[in-house]
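Enquirer:
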Amino acid sequence: MQNHGLLKLQGLPLTEIFPGGRLFGTDEIWFTSCSRSARNCRDGDLYVAILDPQADGHLQVAEAINAGATALVTERLVPAQAVPQYIVPDTRIAYAQICHALSGFPSRRLNVVGVIGSEGKTTTSCLIQSMIRQASLHSGILNSLGYCDGVRTRPAEESTPGPEVMADYLARMRAGGCSHAVLELSDRAIRKRQTAGIELDVACITQWQESELIGADKQDEFRRKKTCIFEQLRPEGLVVLNADDATCRSVEETLHHPVLTFGMEHPAAVNATLIERVASEQTFLLEWGNETIPVRTHLVGDHHIYNCLAATAVGLAYGIPLETIARGLERVDRIPGHLERIECGQPFSLFVDGGHTPAALRSSLRTLREMTSGRLLCVFGAPGERDQHLRAPMGGVAAQYADGLIITDDNPARENSEVIVDGILDGIDHKVDVTAELDRASAIEIALARAEVGDCVLIAGRGHQSWQRIGSRRYPFDDREVARACLRAGRWGISPDGERRAA
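What follows is the structure, encoded as structure tokens:
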């Protein structure tokens with residue numbers, strides 16, 4: 009990563025940017041650019057040797073020096089090197105801090121919201137963005153739908169990009185006149201310390217319910233890795249917590265920052281009561297202190313009410329009036345791939361959702377179960393090469409709420425698809441109609457062909473993704489477009505004998 013014209017010719021002093029390390033071979037290291045890739049090092053780069061489970065950057069030190077690196081940041085002394093070294097406890101944190109330093113520490117000049125949690129991060133970040141704009145404030149956003157610096161938007165490569173991209177976009181937001189930045193921060197990025205270097209005004213926790221799926225012996229490690237994000241809060245920062253989430257409630261007792269809670273069941277500062285819900289919209293009463301206001305939204309389900317409550321708490325933290333917050337929430341009529349309704353004139357409901365964990369699948373299916381007079385059919389799979397322990401629970405959740413399951417490929421990657429499906433089937437002990445069809449397009453067509461008047465079909469797991477990873481390659485594939493193509497071609501409501509069922 010190179011600087012953006014913000015540095016003097018001599019560069020930045022490393023020991024001031026990241027104090028506490030040990031210097032070897034010099035009194036100070038001055039730098040104007042850095043790289044964590046030995047292969048991509050250029051003349052004058054500061055090479056940061058990242059140590060993680062996938063690779064050990066210390067083994068590429070010689071390659072980095074040959075490519076032009078003039079100094080090293082490492083976690084252990086690499087012997088027989090002719091360039092200065094700076095030894096630190098965690099090079100991942102050092103690299104992130106260095107990236108933000110090269111961009112002028114842009115988060116220090118922005119109001120930054122970090123949205124964290126097991127589910128609901130993308131939707132909540134979009135709601136916060138809409139609410140901020142409703143208050144006539146200028147904001148950028150980074151989430152799994154896209155990266156926007158306040159001027160231009162591009163598709164997201166991942167929900168939370170690396171620190172070099174994050175620092176660059178925050179700098180662009182500031183340069184473009186943004187006063188606020190809304191950041192979706194994935195658990196994976198937090199654990200890998202990719203978010204280090206970002207100073208937060210507000211840490212908004214949507215929920216942390218996945219802890220129920222790990223053993224008691226790992227609960228402390230789970231909490232430690234999750235809660236390290238609070239180290240990035242400014243002294244005057246605030247935490248927004250879900251009062252209905254047991255893990256959030258336990259974490260609240262350990263915090264040294266002010267907390268603003270939201271919920272529907274337990275006592276909380278920000279509350280909501282459902283008034284009415286139909287397939288296309290819902291209305292709830294938003295409550296804060298002595299103020300109440302109805303909110304009508306096209307985002308349906310209890311989980312979306314929770315997302316609205318989380319966003320509301322963030323808005324209140326910034327002093328935005330409740331009326332303005334409510335109008336901002338109502339402006340969001342859909343979130344791509346997040347219980348997104350697909351309508352092509354068919355006599356049944358069809359939704360696409362990106363949830364690929366038991367908690368997310370449960371939220372979507374439970375919401376649709378309440379709204380469906382006929383059968384609920386679900387097309388889903390599980391990602392390959394990750395989270396094998398979630399597959400059986402996903403099968404159990406799907407069988408609990410749906411009447412028919414079509415189990416298929418998600419993004420199998422290099423894992424055997426049949427092994428993934430078998431893992432899902434292991435969790436299905438309810439009496440439910442199950443079909444296994446590995447080809448995802450065929451699975452979607454099967455579900456639509458079976459759907460009748462009053463039924464509901466949920467295509468779950470991939471949401472807004474426009475590609476499918478099979479083996480080591482990505483292939484174009486969008487659940488929404490595949491479903492629309494089937495509907496427009498009339499390939500729905502087909503009986504086993506090939507005749508169209510009466511609408």
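Here the sequence shown stands for residues 9 to 511, numbered as in my numbering. Every residue gets a Cβ at the ideal spot worked out from N, C-alpha and C, and that includes glycine.
(1) Assign Glu-220 to buried or exposed, taking buried as 16 or more other Cβ atoms, counted over all protein chains shown, within 10 Å of its Cβ.
(2) How far does the alpha helix (DSSP H) with Ile-333 in it reach, from first residue to last?
(3) Do Pro-92 and Gly-33 count as a contact pair if the criterion is CB distance below 8 Å?
(4) Are Cys-464 and Thr-375 closer than 8 Å when you measure CB to CB?
(5) Can you give me the C-alpha to C-alpha distance between His-12 and Leu-324, rounded to a whole angstrom?
(6) Which same chain residues end up closer than 7 Å to Asp-176 when comparing Cβ atoms and leaving out the 5 residues on each side of it in sequence?
(7) So His-188 is in the beta strand (DSSP E); what residue range does that whole segment cover?
(8) Thinking Val-278 and Phe-292 are a contact (beta carbons under 8 Å), I'd like their distance in whole angstroms, please.
(9) Taking the straight line between their C-alpha atoms, what separation do you get for His-346 and Arg-30?
(10) Tell me the DSSP bridge mates of Val-303?
(11) Residues bridged to Val-440 by DSSP?
(12) Nearest to Glu-207 by CA position, among Glu-239, Arg-180 and Ala-164, is which residue?
(13) In the DSSP output, which residue or residues are listed as bridge partners for Gly-512?
(14) What's the gap between the Cα of Arg-116 and the Cα of Arg-496?
(15) Compare the C-alpha of Asp-310 against each of Gly-297, Ile-301 and Glu-273 and name the closest.
(16) In whole angstroms, what is the alpha-carbon distance linking Gly-431 and Arg-482?
(17) Cα-Cα, which of Ile-198, Ala-410 and Val-159 is closest to Ala-189?
(18) Kindly indicate the opening and closing residues of the beta strand (DSSP E) around Cys-134.
(19) At the level of alpha carbons, what is the spacing between Gly-471 and Glu-261?
(20) So the candidates are Arg-448, Phe-26 and Leu-456; which of them puts its Cα closest to the Cα of Pro-484?
(21) For the alpha helix (DSSP H) that Ser-371 lies in, which residues bound it at each end?
(22) Using DSSP bridges, identify the partner residues of Trp-475.
(23) Could you check whether Thr-300 and Leu-307 sit closer than 8 Å to each other, using their CB atoms as the reference points?
(24) Spatial neighbours of Thr-168 within its chain, please: CB distance less than 6 Å, with the 5 preceding and 5 following residues excluded, ordered by chain position.
(25) Does the Cβ-Cβ distance between Val-461 and Gly-382 come in under 8 Å?
(26) Going by the beta-carbon positions, is the gap between Thr-82 and Ile-95 smaller than 8 Å?
Expert: For this structure:
(1) Looking up residue 220 in the sequence shown gives position 212. At Glu-220 the pLDDT is 46, less than 50, meaning the model places this residue with poor confidence; the figure from the coordinates comes in the next sentence. Burial call: exposed.
(2) Here residue 333 corresponds to residue number 325 of the sequence shown, with the count starting at 1. Per DSSP, Ile-333 belongs to the alpha helix (DSSP H) from 330-338.
(3) Start at 1 with the first residue of the sequence shown, and residue 33 comes out as number 25. Start at 1 with the first residue of the sequence shown, and residue 92 comes out as number 84. For Gly-33 and Pro-92, yes; Cβs fall inside 8 Å.
(4) Position 456 of the sequence shown holds residue 464. Position 367 of the sequence shown holds residue 375. Result no, Cβ atoms of Cys-464 and Thr-375 do not sit closer than 8 Å.
(5) In the sequence shown, the residue the question calls residue 12 occupies position 4. In the sequence shown, the residue the question calls residue 324 occupies position 316. Caution applies to His-12, whose pLDDT of 42 falls short of 50 and renders its modelled position unreliable; the model cannot decide the point.
(6) As a first step, residue 176 is located in the sequence shown; it is residue number 168 there, counting from the start. Answer for Asp-176: Ser-111, listed in chain order.
(7) To locate residue 188, count along the sequence shown from 1; it is residue 180. Here the beta strand (DSSP E) through His-188 covers 188-192.
(8) Indexing the sequence shown from 1 puts residue 278 at position 270. Indexing the sequence shown from 1 puts residue 292 at position 284. Not quite, the Cβ-Cβ distance comes to about 12 Å (not below 8 Å), so this is no contact.
(9) Here residue 346 refers to the residue found at position 338 when the sequence shown is read from its first residue. Here residue 30 refers to the residue found at position 22 when the sequence shown is read from its first residue. Using only the alpha carbons, I get a separation of about 48 Å.
(10) As a first step, residue 303 must be located in the sequence shown, where it is residue number 295. Answer is Phe-292, bridged to Val-303.
(11) Within the sequence shown, residue 440 is the residue found at index 432, counting from 1. Bridge partners of Val-440: none, in fact.
(12) Translated into positions along the sequence shown, residue 207 becomes position 199. The residue with the shortest Cα to Cα distance from Glu-207 is Glu-239.
(13) Within the shown structure, residues of the chain are numbered from 9 to 511, placing residue 512 beyond reach of any answer.
(14) By 1-based counting over the sequence shown, the position of residue 116 is 108. By 1-based counting over the sequence shown, the position of residue 496 is 488. Answer to the nearest angstrom: the Cα atoms are 51 Å apart.
(15) Here residue 310 corresponds to residue number 302 of the sequence shown, with the count starting at 1. Answer by Cα proximity: Glu-273.
(16) Here residue 431 refers to the residue found at position 423 when the sequence shown is read from its first residue. Here residue 482 refers to the residue found at position 474 when the sequence shown is read from its first residue. Near 23 Å, if we compare the C-alpha coordinates of Arg-482 and Gly-431.
(17) Stepping through the sequence shown from its first residue, residue 189 is reached at position 181. The residue with the shortest Cα to Cα distance from Ala-189 is Val-159.
(18) The residue you call residue 134 lines up with position 126 of the sequence shown. Looking at the DSSP string, Cys-134 is not in any beta strand (DSSP E); the run it does join, the alpha helix (DSSP H), is 129-142.
(19) Residue numbering aside, residue 471 sits at position 463 when the sequence shown is read from its first letter. Residue numbering aside, residue 261 sits at position 253 when the sequence shown is read from its first letter. Going by the C-alpha atoms only, they are around 35 Å apart.
(20) Position 476 of the sequence shown, counted from the first residue, corresponds to residue 484. For Pro-484, the nearest C-alpha among the options comes from Arg-448.
(21) Residue numbering aside, residue 371 sits at position 363 when the sequence shown is read from its first letter. 366-379 is the extent of the alpha helix (DSSP H) around Ser-371.
(22) Mapped onto the sequence shown, residue 475 falls at position 467. Looking at the DSSP assignment, Trp-475 forms a beta bridge with Pro-484.
(23) Indexing the sequence shown from 1 puts residue 307 at position 299. Indexing the sequence shown from 1 puts residue 300 at position 292. Not closer than 8 Å, so no.
(24) For the purposes of this step, residue 168 is taken as residue 160 along the sequence shown, with counting starting at 1. Taken in chain order, the residues that qualify are Leu-193, Ser-194 and Ala-197.
(25) Taking the first residue of the sequence shown as position 1, residue 461 is located at position 453. Taking the first residue of the sequence shown as position 1, residue 382 is located at position 374. Contact flag set, yes.
(26) Numbered from 1 along the sequence shown, position 74 holds the residue referred to as residue 82. Numbered from 1 along the sequence shown, position 87 holds the residue referred to as residue 95. Against a cut-off of 8 Å, the Cβ pair of Ile-95 and Thr-82 comes out as a contact.
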